[in-house]
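Chains as they are written, first to last, in our numbering: chain A, 1 to 344; chain B, 1 to 328; chain C, 1 to 428. Notes follow once the structure below has been shown.
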Ligand SMILES: Nc1ncnc2c1ncn2[C@@H]1O[C@H](COP(=O)(O)OP(=O)(O)OP(=O)(O)O)[C@@H](O)[C@H]1O
Ligand SMILES: [Mg+2]
């Protein structure tokens, strides 16, 4: 159990546009252990989706992996080329369209996308797409795949699944659509499930049901989950380990308890400040984080957060970029308030 | 959608009625009639007619009756399947145009299929390999194809064939087959002549369609469902063909509605340049000679082809796109 | 902050203080980079704020400027428009002057350097009567050099219809002996069975010995203006009918939509032909010109009307229009301040793309002899000279007007595409 399933090391994914380079992910490091739920939080545009697209190797051009390692330990089948002595394979070195990466995608690492509506093809039935997902990785007949798909749909709580198999995605309600998506992701029993804001497109009640469902499935399938959201409440409910991102970099990470009760980075604290709680007085302003995220071509040197940081130290934060360093027993922070190690 | 198609079918006679009135008014519009131009023709060859003969001729063709009577007679004959007699050629119109119509349809349909067969892959490749050398090449080809009117292509092709090979590429049959009855040899001769007009018409058609296909596909390629298919582990070409291409084809199918009639009427000009025995040149001649029944019949045929084109595209679209099929 | 607050941890207070000092800076949701990039003027990453406040047309212009091919096409169109405005200046001869003896003279290309010295000239053409066909056949004769001059005097005309002058862009530089020779024997000199042309025919001459270059200049005026006028008429019709159909809705919308549907299901080309054939042969050039324009516009307005109506309907549901409505803008203000500016660039793009279609249509109508008729000059009329294999084989330069058609249509298409992309970077 103490071998990480996936360990991302200093991942860099840049978009090379004519106007300049957008460093969407700029040195991200985190581990996912088997059966663990890792939550990634951060404001919109901080690079959460690009991070997981990098893991799946589906970064759209002009985006490119520009450094780092992503060591993954295949759970199902051995015999991968380029397998290292410790049983891991570096996803960053694989050909993104090659056979190996395609064998991993969907079967070992599955995705629940951000927009379930747009992620189903509008001109193919749900069943068609589910069966295809199954038969891509399992050598079974169409009938068996159909059976399996119906089972999965049933498992994720889709009522009368046989009927829904022949439906088109736009005929389903938002909640059902997301459940069908989950069924598709689960169809090959992945070891790592990546859920990219799976609940943003659906209403609050359904959202709660889907979260409960995911939690239950995680336990029964013993999967690891990378759970992406900008909702700290959802993270608190779901995650064992929390990664806080800002402008393509990890600001802080650690066990959920520590992050919520003992935040170390000014950004984490500011984020936590901005959630309303039952304790906050009525008719007060909810604190927000001042300033705006800088223009992406216009990234300040030094710590990306310093222009908005309340504890900004001139001469340090705006000169060098703090590295992610262990603080205390289990937390990692990149901030000069806590250490003096810089990147590069 | 099914209802929509049924509605269209029911509307068909109404549309045809409107079109036929339209066609008739157009034909009647020029001052004078066939007899006037006939007299002019006689005069130019030195002979003349007296008023009695002229009136007799007018009466014979029914040209002395009020317009609505003429229309009524014309229409009722057409409804009985009788297209009437060409004043100019002095032959039944049906007999005159049947072979020409068949040849027109053959050229049109061949052009249509060839354009699709070329345009769809070209559009796919240039969208998927956007900004590649190939895409640039195809973009240039597309622009030129759109900018060059097909009659110019025909003129240039004719000139090139003449100056390079010294051959004249006009007509659809070699001299010995022009009036010959149908036989295998004649079909073979036809095929030998057919490729040039088809190729010329295909050029601009392909350019238009490929451009539409490329734009449609580019829209689809960034959609989340494509990314999802990738995340499932499908191979790139397979997923592109199954998902975005399949979605991008639908708007292309809806272009059949205007593309098919465009080929038929566009071939008119090319046919004139290349002197092809299709209905186009005959239509032009009937217009200049005020051979109204012939012109009217041909306009009506063009309208029919246009309506059929729209109908086909509607039916195909409903068959292909569940979103449209389910629309009530 | 008048309200009492619960005690805050120190960093929270700092957040608030910071917020007050920075109150001017509001939290701005991040625009996706690729969109930003499309908006950003070249090298303007630093003053990112500039384009948040720029008016729409400026954004369109910034984006358009980056489309190099479209910029070039724009320049080409400006040049062609100048020709259309002052064809006399570019012509070398009166376009209607015929000279039966000088028919089918080949292209005389301008050579700029004469033995490495800048001294533009063309080679003369010599004609020889073919004993069989009895026709004078012309060939370029490299032994005769005719010096040419820019801004040379030629036949008198009124520049832009007002300024009387006789200066043309190029002309034969008159030398004394030639001037004398000219006086002696008209424009070409006969030396036995041989004739030497002293004229300047940049694009050769046609069947009747008319100078094709000069005719092309005048054809440009007619063809371009027919395209523009026909599009203008159909745009006005389209905006008017599309507008009332979108504005009033209900029965009027229904009638307009049905009319559009019927007109669109008509096969345009045969109808155009039939209508043009119906024009009386006795009409004057101007009458035919306007009749052809109307005929072309009659079937073309439907596309524009549809486009405008569709734009209206989608725009109506855009967030910023809803926002404007919710904040109490009057209907007029919403239409003219918010909708019209965003639509105008689309309309301009659609119109630009409609012009080349019209030009092609006029060209082929005239080419078939059903559009403009001689003595009118248009590209189609010029191409009519090249209608059969015999004339093309004899004088391939008669196809040159076709090249001009292609260049113009190409430039207009690229220009229109550039405008459309600039107006709407996210679609297409
Ligand atoms: N195709 C692309 N081209 C250029 N830049 C891109 C592209 N995709 C993403 N980016 C940039 O990468 C950065 C990170 O984007 P990402 O989609 O990962 O954000 P996110 O954290 O998932 O936000 P959200 O919560 O809105 O989903 C953004 O600055 C974005 O502008
Ligand atoms: Mg995202």
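Quick reminder that beta carbons are idealized off the backbone N, C-alpha and C, glycines included.
Counting C-beta pairs with one atom in each stretch, the segment 289-298 of chain C and the segment 227-239 of chain C have three or more that are closer than 8 Å, which means they touch. DSSP, reduced to helix, strand and coil, places residue 247 of chain A outside both helices and strands of the structure shown, so it counts as coil. Within the segment 52-89 of chain A, no run of alpha helix (DSSP H) reaches 4 residues while sitting entirely inside it.
By the neighbour-count criterion, in which a residue is buried when 16 or more other Cβ atoms sit within 10 angstroms of its Cβ, residue 361 of chain C is buried. Around residue 82 of chain B, no beta-carbon contact reaches into chain A at under 7 Å, the shortest distance being about 46 Å.
Nearest to residue 235 of chain A by alpha-carbon distance, out of A/23, A/177, A/37 and A/31, is A/37.
Residue 25 of chain A is a Cβ neighbour of residue 54 of chain A, given a cutoff of 8 Å. Interface with chain A (8 Å Cβ-Cβ cutoff): residue 233 of chain B is included. Using a cutoff of 7 Å, the CB of residue 95 of chain A does not count as near ligand 2, since none of the ligand's heavy atoms is closer than that.
By the rule that beta-carbons nearer than 8 Å mark a contact, residue 36 of chain B does not touch chain C. Scanning chain B for C-beta atoms nearer than 8 Å to the C-beta of residue 300 of chain C yields nothing, as the closest lies near 13 Å away.
Using a 10 angstroms sphere on the CB of residue 131 of chain B, the tally of other CB atoms stays under 16, which defines it as exposed. The beta carbon of residue 60 of chain A sits closer than 7 Å to at least one heavy atom of ligand 1.
Among the residues of chain B, none has a CB under 7 Å from the CB of residue 323 of chain A; the nearest is roughly 32 Å distant.
Using a 10 angstroms sphere on the CB of residue 389 of chain C, the tally of other CB atoms reaches 16 or more, which defines it as buried.
One alpha carbon belongs to residue 34 of chain A, the other to residue 222 of chain A, and they sit about 8 Å apart.
At a C-beta separation below 9 Å, residue 106 of chain A has these neighbours in chain B: 231, 232, 233 and 234. The nearest non-hydrogen atom of ligand 2 is 7 Å or more from the C-beta of residue 231 of chain A. Residue 7 of chain B sits in a helix when the DSSP states are folded into three classes. When 8 Å is used as the limit between beta carbons, residue 224 of chain B is near these residues of chain A: 113, 114, 115, 118 and 119, in chain order. For residue 408 of chain C, the enclosing alpha helix (DSSP H) starts and ends at 400-423. Taking 7 Å as the cut-off, one finds no heavy atom of ligand 2 near enough to the beta carbon of residue 26 of chain A. As computed with DSSP, residue 165 of chain B is found in no beta bridge at all. No Cβ of chain C is located within less than 8 Å of the beta carbon of residue 206 of chain B. At the C-beta level, residue 282 of chain C and residue 376 of chain C stay beyond 8 Å of one another.
Of the heavy atoms belonging to ligand 2, at least one sits nearer than 7 Å to the Cβ of residue 49 of chain A.
Of all C-beta pairs linking the segment 232-244 of chain C to the segment 296-308 of chain C, three or more are shorter than 8 Å, placing the two stretches in contact. Residues of the same chain with a CB within less than 6 Å of the CB of residue 73 of chain C, apart from the 5 flanking positions on each side, are 411, 414 and 415 in chain order.
In the DSSP assignment, residue 14 of chain A is bridged to A/23 and A/64. Interface with chain A (8 Å Cβ-Cβ cutoff): residue 261 of chain B is excluded.
Using a Cβ distance threshold of 8 Å, residue 104 of chain A and residue 60 of chain A do not count as a contacting pair.
For ligand 1, a non-hydrogen atom lies closer than 7 Å to the CB of residue 46 of chain A.
Beta-bridge partners assigned by DSSP to residue 193 of chain A: A/110 and A/225. Relative to the non-hydrogen atoms of ligand 2, the Cβ of residue 258 of chain A never comes closer than 7 Å to any of them.
For residue 168 of chain C, the uninterrupted beta strand (DSSP E) segment begins and ends at 163-172. The alpha helix (DSSP H) runs lying completely inside the segment 124-180 of chain B and spanning 4 residues or more are 133-147 and 150-160, given in chain order.
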